[in-house]
Structures are given as C-alpha cells and as structure tokens.
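To keep things clear, I will list the structure first and then write my remarks on it.
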Amino acid sequence: NAKVNIDYVLTEADGKMWDVSVAFRAGGETLDVPSASLSGDRYSVSAGQRRIVWDPLLTSYTNRSVLADLEITLSAESVDEKRYLIIDMTEGAVNGKAAAIWPVSYTNEVVDADGDGKWDREFKTTKMVFRRIEAGAFTMGVPMTEYGTHGKAPVPERQHQVVISRPFYMGVFPLTAKQFRQVRAYWGNTTYGKSEETSAHPANGGGVTYNALRGSVGDGINWPTTMHAVLDDPSVEVFDKTSGSPANNMSFLAWFRRHVPGLVVDLPTEAQWEYCCRAGTSPHSFYNGVNIDSSEYQASVTLPAPGIESIARTKNNSQVYDADTGKWSTPEADGTEYGPCDVGSYDPNDWGLYDMHGNVNELCLDWFNNATLSDETDPKGPYESPESTARRVYRGGGFSNWPSDSRAGFRGACNPGLGYANFGCRLAIHLD
Numbered sequence: 001n002a003k004v005n006i007d008y009v010l011t012e013a014d015g016k017m018w019d020v021s022v023a024f025r026a027g028g029e030t031l032d033v034p035s036a037s038l039s040g041d042r043y044s045v046s047a048g049q050r051r052i053v054w055d056p057l058l059t060s061y062t063n064r065s066v067l068a069d070l071e072i073t074l075s076a077e078s079v080d081e082k083r084y085l086i087i088d089m090t091e092g093a094v095n096g097k098a099a100a101i102w103p104v105s106y107t108n109e110v111v112d113a114d115g116d117g118k119w120d121r122e123f124k125t126t127k128m129v130f131r132r133i134e135a136g137a138f139t140m141g142v143p144m145t146e147y148g149t150h151g152k153a154p155v156p157e158r159q160h161q162v163v164i165s166r167p168f169y170m171g172v173f174p175l176t177a178k179q180f181r182q183v184r185a186y187w188g189n190t191t192y193g194k195s196e197e198t199s200a201h202p203a204n205g206g207g208v209t210y211n212a213l214r215g216s217v218g219d220g221i222n223w224p225t226t227m228h229a230v231l232d233d234p235s236v237e238v239f240d241k242t243s244g245s246p247a248n249n250m251s252f253l254a255w256f257r258r259h260v261p262g263l264v265v266d267l268p269t270e271a272q273w274e275y276c277c278r279a280g281t282s283p284h285s286f287y288n289g290v291n292i293d294s295s296e297y298q299a300s301v302t303l304p305a306p307g308i309e310s311i312a313r314t315k316n317n318s319q320v321y322d323a324d325t326g327k328w329s330t331p332e333a334d335g336t337e338y339g340p341c342d343v344g345s346y347d348p349n350d351w352g353l354y355d356m357h358g359n360v361n362e363l364c365l366d367w368f369n370n371a372t373l374s375d376e377t378d379p380k381g382p383y384e385s386p387e388s389t390a391r392r393v394y395r396g397g398g399f400s401n402w403p404s405d406s407r408a409g410f411r412g413a414c415n416p417g418l419g420y421a422n423f424g425c426r427l428a429i430h431l432d
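Have a look at this one:
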C-alpha cells in the first residue's frame with residue numbers, strides 16, 4: 001500500500017527539457033499502470049537528480065497482489081522536438097466509420113510552404129495541429145470592475161490563482177467543418193455552407209454540442225466523474241443525420257480516438273482554455289494588451305473595436321450595422337465576408353494559438369459554476385452541475401457577440417444538448 005519512490009538521474013541532457021515515461025513489468029508480464037497513479041518529475045525535466053512517485057492505491061496492484069520480480073524502465077524524449085503535434089487526417093471516415101489509423105508526427109516549426117508565415121491551409125482541413133503548452137501558474141478571472149463583466153458579487157469571473165501542473169497539447173485552431181467531416185463523414189457546419197469553400201470555417205451548430213462531442217447517455221460519461229471517458233457504445237442507437245436510419249451512437253470524440261489510439265483527445269478544461277488564451281499576458285483582457293476599460297473602446301459599439309479587430313472575429317467586423325434602424329444583420333449567410341471566417345484569419349497570440357478571441361464560442365469540459373472561485377491546482381470544475389438547469393462552460397465569444405464577450409476572462413454557460421451557429425470547440429490532447 002506504500003507509495004514507491006522511483007529515483008533517477010538524467011544526464012547528458014544537452015541543456016534541453018525531456019519527458020520521462022515509465023513502464024512496469026512483473027514476472028515477465030507488462031503491467032497496466034494508469035498515468036494518474038504517477039506523479040513527480042515526468043514532464044519537461046532538466047538534467048539532475050529526479051524522482052517519480054508511484055501510488056499503488058490508485059491501481060489494482062495493492063497488497064491484494066504479489067508483484068514478483070518488479071521491473072521499472074524509464075525512457076526520455078526531448079520536449080524540444082515535440083513543440084507541435086500533427087495528426088494527418090487525410091484518409092477520412094467512410095460512411096461514418098473510422099477508416100484508418102492516422103499518422104502522428106512532430107515538428108518544431110510552423111509548416112509554411114507558401115511563405116506567409118502561417119500554417120498552410122491543409123492544417124485547417126485534412127490535418128490538425130496542436131501546440132505543446134508547458135505547466136505554469138496564472139491569475140484566472142478578472143477584476144470586478146472590468147468593462148463587460150457579468151453579474152454581481154460573487155462575480156463568476158472572480159480573480160483567483162490557478163496552477164497547471166503538467167503540460168498538454170492545445171489545438172492551434174478551433175475544430176473546422178472539414179476536420180469534422182474527416183471524422184464523421186458529414187459536414188460539421190450547419191449554417192454557413194457545406195462546401196470546400198467554407199471547409200476551414202469552424203465546425204458549428206447541432207453537430208458540435210457538448211453531448212454530441214462527448215456523449216449523453218447516463219452519468220457514467222459525465223466529466224469529471226469519469227475523467228476523460230466518452231460515449232463509445234455500439235448498443236445505443238440514435239437517428240443518423242446522413243441516411244435518416246438508426247445508427248450506433250458513438251460520440252464524435254469516440255470516433256476521433258479510434259483513429260489515434262493512445263492519444264487522449266478531448267475538450268480542454270476551462271482553466272486550460274484561459275491559460276492558453278492569456279498566453280502569459282495576465283491580467284490583460286486580450287492577448288495583444290488591449291485595455292477594454294478605456295473610453296476609446298467603450299465608444300466603439302457600432303465601429304470596429306480599437307485593437308481587437310486584428311485578433312478577433314466579433315459582431316463589429318462580421319455583421320453590418322444599420323444606423324437608421326439600430327439593428328445588426330448578416331447579409332450573406334452563405335458567403336465568406338460575413339458570419340464566421342476561416343480559422344487563423346487573424347493574428348495569433350504569443351503561444352501561436354489562433355481565434356482564442358471570437359469566431360466561435362468554444363466549449364470546455366467543466367460544469368458551469370457561478371459560485372465564488374478559489375485558488376486551485378488543475379481545477380476540473382464541480383463534479384455535478386450546481387445549477388437546477390445543468391449547463392456546461394463556453395469561452396472566447398463568437399462572431400455574432402460583442403467584443404466584450406470575447407474577453408479572456410468571459411465565462412458563459414449553455415445547455416449541453418443544444419447547438420448554435422456561433423458555438424464550436426477546440427480540441428486538446430491530455431498527457432495524463
């Protein structure tokens with residue numbers, strides 16, 4: 001029942017950072033040891049004396065089992081060679097079925113064949129790119145006085161200190177319509193066209209609800225009670241959007257994971273999302289340092305918001321304001337000038353992530369909690385919805401929202417079974 005200290009020395013690290021993996025064998029058999037039972041110096045490790053701790057109580061290997069000839073093997077991979085993780089989705093789903101195991105590769109540099117300094121279009125359509133985000137701490141939330149803050153005390157955006165204790169990978173772009181199609185064999189945008197022209201638009205609408213992404217049958221798949229479990233149950237039948245006939249109900253993420261076995265692909269937690277949005281710029285409302293409390297910004301209700309139009313797709317630059325009627329409209333619902341736009345059309349933040357402000361509201365794992373938020377390490381939100389109407393968190397603002405709703409600290413809540421044109425998601429890869 002005692003914890004096991006695994007002490008090691010990392011030498012000849014060449015000044016780099018390394019991820020250390022652990023493998024267990026007993027009696028010649030490989031043991032299935034969950035990552036959650038391991039803590040300590042596993043990720044982004046530099047040279048020197050280090051320790052990993054194994055807690056057998058978090059596994060099935062306790063004093064009820066005799067582990068003869070236990071062997072523990074460590075191996076290390078350079079973090080510097082894994083800055084970006086790329087999933088090649090070129091061989092898409094066929095009739096809604098996972099047709100292939102997708103190749104996974106790494107690179108340190110942006111793949112930029114056309115020389116514009118940005119990721120080529122294929123990384124928004126038939127490939128998906130993730131940026132490695134290192135562990136760290138930040139101030140989550142905003143002051144009560146920030147312009148656009150919703151609610152009164154206790155403010156749902158209240159400032160508190162959060163520690164992200166381990167690295168993870170965050171999608172460089174929101175999930176797009178074409179990427180959705182590669183997983184499920186039908187288009188993932190329901191409002192602004194279903195074609196190659198809009199294939200790099202964010203996936204949105206009814207196919208991108210929380211339940212459609214993660215599953216909705218029973219409490220067993222509800223984050224965080226079962227952590228990163230998703231619905232993958234062929235015995236459950238639901239209406240199939242493509243053929244109109246009953247189909248096995250396996251959630252989007254269950255389909256996705258079948259293509260990339262071994263990768264824990266999921267939505268980010270709310271804390272991970274804001275950590276990535278701020279990208280080390282706390283406490284600014286926007287990652288380029290725009291002061292939303294300025295009178296210049298607050299006077300911009302009918303004009304492009306100063307400083308924000310270069311980083312975010314919001315109401316001010318995606319719709320048209322009619323001064324005579326005082327109304328906003330989207331004249332060309334099937335075009336590309338208005339409504340959502342290709343992901344990556346605006347400037348990225350300091351961590352190379354695009355559209356963290358605007359374009360589509362992005363779903364997160366957590367139940368929405370309107371209570372006072374407290375200092376925490378790796379927060380996962382409440383284990384069940386504290387509200388009478390259960391709602392999940394969304395962040396970032398959408399193309400039809402005011403710029404103030406795309407602030408880094410803005411928190412919204414939505415019914416997990418409903419989808420909207422200005423709602424989408426961004427995927428993450430969890431290293432736990």
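Using this note's numbering, the first residue of the sequence shown is number 1, and each one after it goes up by one.
We put the CB at the ideal spot given by N, CA and C, even for glycine.
This structure is a prediction, so every number in the text was calculated from the model and none was measured.
Can you grab the Cα-Cα spacing for the pair residue 23 / residue 100, in whole Å?
Here residue 23 is taken as the residue at index 23 of the sequence shown, counted from 1. Here residue 100 is taken as the residue at index 100 of the sequence shown, counted from 1. Residue 23 and residue 100 have their C-alpha atoms some 27 Å from each other.
Count the other C-beta atoms from every protein chain shown that fall within 10 angstroms of the C-beta of residue 404, then say buried if there are 16 or more, exposed otherwise.
Counted from its first residue, the sequence shown places residue 404 at position 404. Buried, because 16 or more other Cβ atoms sit within 10 Å of the Cβ of residue 404.
Going along the chain, which residues of its own chain have a beta-carbon closer than 6 Å to the beta-carbon of residue 432, five neighbours each way excluded?
As a position in the sequence shown, residue 432 is number 432, starting the count at 1. Once the five neighbours on either side are set aside, the close Cβ partners of residue 432 are 35.
For residue 232 versus residue 365, is the C-beta spacing smaller than 8 Å?
By 1-based counting over the sequence shown, the position of residue 232 is 232. By 1-based counting over the sequence shown, the position of residue 365 is 365. For residue 232 and residue 365, no; Cβs fall outside 8 Å.
If you check the beta carbons only, do residue 132 and residue 70 fall under 8 Å apart?
The count along the sequence shown starts at 1 and reaches residue 132 at position 132. The count along the sequence shown starts at 1 and reaches residue 70 at position 70. Not closer than 8 Å, so no.
Residue 79 versus residue 18 - alpha carbon distance
Residue 79 sits at position 79 when you count from the first residue of the sequence shown. Residue 18 sits at position 18 when you count from the first residue of the sequence shown. Cα to Cα, residue 79 sits roughly 5 Å from residue 18.
Nearest-angstrom Cβ-Cβ length linking residue 162 and residue 424, presumed shorter than 8 Å:
For the purposes of this step, residue 162 is taken as residue 162 along the sequence shown, with counting starting at 1. For the purposes of this step, residue 424 is taken as residue 424 along the sequence shown, with counting starting at 1. Separation of the CB atoms of residue 162 and residue 424 is rounded to 24 Å, and the pair is thereby denied contact status at 8 Å.
Let me know the beta strand (DSSP E) ranges lying completely inside the segment 357-383, each 3 residues or longer, listed in chain order.
Complete beta strand (DSSP E) runs here, min 3: 361-367.
Top-ranked residue by Cα proximity to residue 215, from 428, 203, 254
The count along the sequence shown starts at 1 and reaches residue 215 at position 215. Out of 428, 203, 254, 254 has the C-alpha closest to the C-alpha of residue 215.
Can you give the Cα-Cα distance for residue 183 and residue 322, rounded to whole angstroms?
Taking the sequence shown and counting its residues from 1, the one referred to as residue 183 is at position 183. Taking the sequence shown and counting its residues from 1, the one referred to as residue 322 is at position 322. Rounded to whole angstroms, residue 183 to residue 322 spans 40 Å at the Cα level.
Taking DSSP as the reference, what is the three-state secondary structure of residue 10?
Indexing the sequence shown from 1 puts residue 10 at position 10. Correct three-state label for residue 10: strand.
Sequence ranges, alpha helix (DSSP H) only - wholly within the segment 154-193, length at least 4
Counting whole runs of 4 or more residues, the segment 154-193 contains the alpha helix (DSSP H) stretches 177-184.
CB-CB under 6 Å to residue 386, same chain, minus the five flanking residues each way: which ones, in chain order?
Looking up residue 386 in the sequence shown gives position 386. The residues are 369.
Return helix, strand or coil for residue 152, following the three-state DSSP convention.
Translated into positions along the sequence shown, residue 152 becomes position 152. Here residue 152 scores only 46 on pLDDT, less than 50, and its place in the model should not be relied on; the value that follows carries that caveat. Taken through DSSP and simplified to helix, strand or coil, residue 152 comes out as coil.
Nearest to residue 285 (by Cα), restricted to the options 408, 211, 125, 27
Residue numbering aside, residue 285 sits at position 285 when the sequence shown is read from its first letter. Put simply, of 408, 211, 125, 27 the residue whose alpha carbon is nearest the alpha carbon of residue 285 is 408.
Starting from residue 255, trace the alpha helix (DSSP H) in both directions and tell me its first and last residue.
Against the sequence shown, residue 255 aligns to sequence position 255. First-last of the alpha helix (DSSP H) with residue 255: 252-259.
Can you pull the DSSP bridge partners for residue 215?
Taking the first residue of the sequence shown as position 1, residue 215 is located at position 215. DSSP, once it has assigned bridges, lists no residue as partnering residue 215.
Looking at residue 359 and residue 234, is the spacing between their C-beta atoms short of 8 Å?
Counting from 1 along the sequence shown, the entry for residue 234 is found at position 234. Counting from 1 along the sequence shown, the entry for residue 359 is found at position 359. No, they are not a contact pair.
Under the assumption that residue 428 contacts residue 268 (Cβ atoms under 8 Å), give the Cβ distance between them as a whole number of angstroms.
The residue labelled residue 428 in the question sits at position 428 within the sequence shown. The residue labelled residue 268 in the question sits at position 268 within the sequence shown. Contact holds; Cβ gap of about 4 Å.
Report the option in 260, 310, 311, 276 whose CA atom is closest to the CA atom of residue 134.
Walking along the sequence shown from the start, residue 134 turns up at place 134. Considering only alpha carbons, the answer is 276.
Return the Cβ separation of residue 118 and residue 110 in integer angstroms, given the expectation that the two are a contact with Cβ distance under 8 Å.
Start at 1 with the first residue of the sequence shown, and residue 118 comes out as number 118. Start at 1 with the first residue of the sequence shown, and residue 110 comes out as number 110. Contact holds; Cβ gap of about 7 Å.
Three-state secondary structure assigned by DSSP to residue 290:
Working through the sequence shown from its first residue, we reach residue 290 at position 290. In this structure, DSSP gives residue 290 a state outside helix and strand, which the three-state scheme calls coil.
Spatial neighbours of residue 75 within its chain, please: C-beta separation below 6 Å, excluding the five flanking residues on both sides.
To locate residue 75, count along the sequence shown from 1; it is residue 75. Contacts found: 21.
Once DSSP output is grouped into helix, strand and coil, what is the label at residue 203?
The sequence position of residue 203 within the sequence shown is 203, counting from 1. Residue state, collapsed to three classes: coil.
Only counting the same chain, and skipping five residues up and downstream in sequence, which positions put a Cβ closer than 8 Å to that of residue 94?
For this step, residue 94 is matched to residue 94 along the sequence shown. So the list reads 185, once near-sequence residues are dropped.
Is the beta carbon of residue 415 less than 8 Å from the beta carbon of residue 401?
As a working mapping, residue 415 is identified with position 415 in the sequence shown. As a working mapping, residue 401 is identified with position 401 in the sequence shown. No, Cβ-Cβ distance for residue 415 and residue 401 is not below 8 Å.
Could you check how far apart the C-beta atoms of residue 87 and residue 124 are, in whole angstroms? I think they sit under 8 Å.
Position 87 of the sequence shown, counted from the first residue, corresponds to residue 87. Position 124 of the sequence shown, counted from the first residue, corresponds to residue 124. Actually they are not in contact, since the Cβ atoms of residue 87 and residue 124 sit about 13 Å apart, beyond 8 Å.
Beta-bridge pairing of residue 18 - partner residues as DSSP gives them:
As a first step, residue 18 is located in the sequence shown; it is residue number 18 there, counting from the start. Paired residue(s): 45, 78.
Best match in 51, 57, 410, 367 for proximity to residue 397 [C-alpha to C-alpha]:
Position 397 of the sequence shown, counting from 1, holds the residue named residue 397. Residue 397 has its Cα closest to that of 410, out of 51, 57, 410, 367.
Let me confirm a value: residue 205 is counted as buried when at least 16 other C-beta atoms fall within 10 Å, else exposed. Which label applies?
Residue mapping note: residue 205 aligns to position 205 of the sequence shown, counting from 1. By the neighbour-count rule (16 or more Cβ atoms within 10 Å), residue 205 is buried.
Under a three-way DSSP split, which group does residue 468 fall into?
The structure shown does not extend to residue 468, since the chain is modelled only from 1 to 432, so the question has no answer here.
Which whole-angstrom value is the C-beta distance of residue 4 and residue 56, which I expect to be below 8 Å?
The residue labelled residue 4 in the question sits at position 4 within the sequence shown. The residue labelled residue 56 in the question sits at position 56 within the sequence shown. About 7 Å; that satisfies the 8 Å criterion.
Can a CB atom of chain D be found closer than 8 Å to the CB of residue 287?
Considering every chain present, this structure includes no chain D. It has just one protein chain.
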